[in-house]
Amino acid sequence: SFRRWQPRCYTLRSKRVFSLLLNQVRYHAMTDGEARRPSPLTDATFASTLLFSWASPLLKLGSTRPLEEEDLPQVHPKDSSSYNKSYMDRLWKNCQSNKTTLARGLLIDFRKTTL
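Take the sequence shown: its position 25, counted from the start at 1, is 65 in this note's numbering, and no numbers get skipped.
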């Protein structure tokens, strides 16, 4: 006999554990004089980063009303242009000293950072 797959029902306790695991932060509109909040990716857990749930509160706010500049958090330090420029400069110098192409250097770097 063929059984139809049915999703499991999660208890309230498992939902709390799951939300703690994902480290969700609630967003609120900023008031005048209030500093921009740090990037939620800075304190995100591995699971939150993997499942992209650190962005859920911002996406939820954006679904209720148009986002304004004050709603956006600071840029994560590793996403800033100055960090990425210096990172690419180091990578390019490393490629030149090893006499490899930039494409090969990017591939090697990608393997190092993902594995």
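Glycine included, C-beta positions come from ideal geometry on N, C-alpha and C.
If you compare the alpha carbons of E108, D149 and L107 with that of L131, the shortest gap goes to D149. For F86, the three-state secondary structure derived from DSSP is helix. Within 10 angstroms of the beta-carbon of A75 lie fewer than 16 other beta-carbons, which makes it exposed. Rounded to the nearest angstrom, the gap between the Cα atoms of K125 and K118 is 10 Å.
Secondary structure of E108 (DSSP, three-state): coil. Shown here for S121: not one same chain residue has a beta carbon closer than 8 Å to its own, the five before and five after excluded. Restricted to the stretch 93-146, the alpha helix (DSSP H) segments that are unbroken, complete and at least 4 residues in length are 96-104 and 121-138, listed in chain order.
The alpha-carbon separation between K100 and F92 amounts to approximately 13 Å. With 16 or more other Cβ atoms inside 10 Å of its own Cβ, S88 counts as buried. Within a 10 Å sphere around the beta-carbon of P80 sit 16 or more other beta-carbons, which makes this residue buried.
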